[in-house]
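Under my numbering, the sequence shown has 274 at position 274, and the numbering climbs by one with no breaks. For every residue, glycine included, the Cβ atom is placed at its ideal position computed from N, Cα and C.
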Amino acid sequence: MANSGHIVVDFGGAGEDARRELLPAVTPPPVPYVLSFTDLSYTVRKRQDGLRGCLPSRASNRLASTDALPNNMKRLLDGVSGEARDGEMFAVMGASGSGKSTLVDALAGRVARGSLGGAVTLNGEPLQGRRLRAISAYVMQDDLLYPMLTVRETLLFAAEFRLSRVLSPAAKRDRVDRLIDQLGLANAADTVIGDEGHRGVSGGERRRVSIGTDIIHDPILLFLDEPTSGLDSASAFMVVQVLRTIARSGSVVVMTIHQPSSRILGILGRLLLLSRGRTVYAGTPAGLKPFFSEYGTPIPDNENPAEFALDTIRELEGSKPDGSKPLAVFNAGWQATQKLITDGSKPPPSPLTLEMAIAESVARGKLVAGSGTGTAATSVPTYANPLAVEVWTLIKRAFTNTRRMPELFGLRLGTIMVTGVILATIFLRLDDTPKGVQERLGFFAMGMSTMFYVCADALPVFVQERHIYLRETAHNAYRRISYVLANAVVSFPPLVVLALAFAATTFFAVGLSGGASSFLFFSLIILASLWAGSGFVTFLSAVVPHVMLGYTVVVAILAYFLLFSGFFINRDRIPDYWIWFHYMSLVKYPYQAVLQNEFSDASRCFARGVEMFDGTPVGGMPEAIKMKVLQAIGETLGANMTASTCVVTGADVLKQQAVTDLGKWMCLLVTAAFGFFFRALFYVVLLVGSKNKRK
Ligand SMILES: Nc1ncnc2c1ncn2[C@@H]1O[C@H](COP(=O)(O)OP(=O)(O)OP(=O)(O)O)[C@@H](O)[C@H]1O
Ligand SMILES: [Mg+2]
């Protein structure tokens, strides 16, 4: 605490306690914010047979106010209005499926604008994408965290992404320490988050860490979907207490909540009860009792009002033909009378425009990311850090996380080594005969395609990480390009190890030719293949929705690549209408490169004398006959052919295999270029897809 005064004055992000403690006399109460929404309506088209997904529909107020709705439409929100203020918590309640998440999504700007009817304003001004993103945070229901980072590390990385670079590392650490205190995580600060395979923090702690990562920059608007679900009542209460502290520091907190305990209900500021998308109650928790008394179902004294209200609504939904509609109608009347009573006591509207209000909040330490970048309210920058810092931070995080899960890399190394050892022992010491040539071709085709199969291991990692990525970029924690770059940089070093491991196990055992320079090229082409393969899988992970589908696609496509690589059918024998696929085949280039690497030595001989008959009808005849045939051939050609005359050189093999269209270095280049190409595609997919919004 000793240095908190300094920090408050400097950048003000030191948290609510410090502000209250240090500046009580000089600081006026927090800048008032009112998030109001009127007549929100949202209608979707129901899923129909044969049609994938649900198409968005333009919901309008006119549509919402009439009851007639086409059969294939479903109304998720029906004229919902309300107001959430800073300093108090706004809770949306209702049975499962009543539209709670939908409402919070709509308020948080996570519903595409065309589909939503009604208006959402902050201090009277409509909220738009970029500004909304900069000042708000959305805490999702599931905790998406890196399992092998500790609580403190997780929050520190969040701080590095979200807090401005003008803050010193010490200041960021300080903000994290405060947040850890605020979230009640001091005891778990150095424990890893954990996952199914590793023991980590408890569920309640995990929840709070997850909230912490989203509120690190002290947002003005905070949306949470069921922050207490799955927690015991003590943990749930603790989470809600934390949220109240945040609200009191001048934020608008909107959340959905399932069955709050009486204790939690007591500290909620305002409730909105939904039933099938309609408001059935809006007001304070204390107002529940008079409301239900007046409606004719008084709440018994010993009962939790929230539970009672939800049960009553559920009964109404089940019993009456028009469900809870009477209650919704009754509520509308009740609201009107309440309005008459409270209108006089309403605080006057804020004299500040939204822009000024945000600037004022920033000056007082809210939105830590925005501090230090000038005085204009537009100074809330889209990204807190420059590109290089983002990339570096992402690399550090990925590295920390993977370093603590060595088994993942171990698995990949194991896979490639097992394949390497099997290949090395099957194709042990290949000789320079026609059979040896065939076996070499088999070894190369198998080896090169293995490089691509090995990369599929990475698929689940990327698919899983995608959710974290989506969440982080949804609130501009970093640029998409940073993620792509960091991802490429982090994935590279393990590939070097894998490539060397495979090359070392097989090159000498199989007896490939060319010595050190050839070995080096062999390693390089394997590395390039792994690079291209991992790029391909990364790209795929962004396109496919599920891991299983990803595997299916990888296996199928790689099989085609191998089929068209030139191993099963030579290039000059592939029909013209398929030749394009041959050039698209990722396996073609490394396969061709290793063949050239192996067979480029013109002085090496792969069939001498009668060996040329191996595999032909003459091959099975006695040696003397073969010699005679050989001599006859020699006479026809006008050359002296003996048992030691070389009839097939390396160059001949290359010609036979039709792998002479590109040189080996060109093949290496193309393979490596594929890796870059797929990573560029990956970036494009990230840019156009994953808007993280409902239609
Ligand atoms: N695309 C859609 N097409 C049809 N119905 C939908 C669609 N999306 C959501 N719904 C329905 O809208 C209703 C409201 O969903 P929402 O997720 O808001 O419920 P919720 O109140 O958050 O429920 P829970 O407490 O279970 O999280 C549900 O009945 C759901 O089935
Ligand atoms: Mg929900």
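In this structure, does DSSP put residue i in helix, strand or coil?
i: Leu76; result: strand
i: His467; result: helix
i: Asp576; result: helix
i: Arg113; result: helix
i: Val201; result: coil
i: Thr425; result: helix
i: Glu83; result: strand
i: Leu149; result: coil
i: Ala384; result: coil
i: Val497; result: helix
i: Leu408; result: helix
i: His217; result: coil
i: Val31; result: coil
i: Phe567; result: coil
i: Ser275; result: strand
i: Leu400; result: Here residue 400 is Thr; the residue named in the question, Leu, does not match the sequence. Here Thr400 sits in helix by DSSP.
i: Thr649; result: strand
i: Arg702; result: No information on residue 702 is available, as it lies outside the stretch 1 to 695 that the chain covers here.
i: Arg479; result: coil
i: Val104; result: helix
i: Ile264; result: helix
i: Met641; result: coil
i: Leu144; result: coil
i: Gly212; result: helix
i: Val659; result: coil
Which residue comes first and which comes last in the beta strand (DSSP E) that contains residue i?
i: Met89; result: Met89 to Gly94
i: Thr256; result: Val252 to Thr256
i: Thr279; result: Arg278 to Gly283
i: Ala607; result: Cys605 to Arg608
Can you list, in chain order, the residues of its chain whose CB lies under 7 Å from that of residue i, leaving out five sequence neighbours each side?
i: Asn487; result: Thr538
i: Leu411; result: Asp457
i: Leu595; result: Phe444, Leu654, Gln657 and Val659
i: Val544; result: Gly550 and Val553
i: Gly94; result: Lys100, Leu273, Leu274 and Ser275
i: Ile246; result: Ile215, Leu222 and Val253
i: Phe567; result: Leu441, Ala445 and Tyr591
Apart from the five residues just before and just after residue i, which ones in its own chain have a Cβ nearer than 8 Å to its Cβ?
i: Gly323; result: Ser275, Arg276, Leu316 and Glu317
i: Ser60; result: Confidence at Ser60 is low in this model, with a pLDDT of 40, below 50, so the placement of that residue should be treated as unreliable; the coordinate-derived value is given next. Ser41 and Gly117, listed in sequence order.
i: Pro434; result: Phe606, Ala607, Glu611, Met612, Asp614, Gly615 and Val648
Return the first residue and the last residue of the alpha helix (DSSP H) that residue i is part of.
i: Ser36; result: Segment Val34 to Arg45 is the beta strand (DSSP E) holding Ser36; no alpha helix (DSSP H) there.
i: Ser523; result: Gly515 to Val543
i: Leu637; result: Glu623 to Leu637
i: Ala137; result: Ala137 -> not in any alpha helix (DSSP H); beta strand (DSSP E) instead, spanning Ser136 to Val139.
i: Leu163; result: No alpha helix (DSSP H) holds Leu163; DSSP gives it neither H nor E.
i: Arg314; result: Pro305 to Ser319
i: Arg679; result: Lys664 to Val688
i: Gln592; result: Lys588 to Phe599
i: Val437; result: Pro434 to Cys455
i: Glu294; result: Leu288 to Tyr295
i: Gln241; result: Ser233 to Arg248
Excluding the 5 residues preceding and the 5 following residue i in the sequence, name in chain order all residues of the same chain whose CB lies nearer than 6 Å to its CB.
i: Asn476; result: Arg133, Thr382 and Tyr383
i: Leu272; result: Gly82, Val92 and Ala282
i: Gly269; result: Glu88 and Met89
i: Leu116; result: Tyr42 and Ala106
i: Ala236; result: Thr228
i: Met405; result: Met148
i: Val252; result: Tyr33, Leu35, Ala84, Asp86 and Leu221
i: Leu172; result: The identity of residue 172 in the sequence shown is Lys, whereas the question assumes Leu. Cβ within range, chain order: Ala159 and Leu163.
i: Phe409; result: Pro494
i: Gly689; result: none
i: Leu562; result: Ser449 and Val587
Tell me the DSSP bridge mates of residue i?
i: Asp195; result: His198
i: Pro126; result: Thr121
i: Leu222; result: Ala137 and Val253
i: Arg270; result: Phe90
* For ligand 1, which residues count as neighbours when the test is a C-beta closer than 5 Å to any heavy atom? -> Output, sorted by chain position: Val44, Cys54, Lys74, Leu76, Ser96, Gly97, Ser98, Gly99, Lys100, Ser101 and Thr102.
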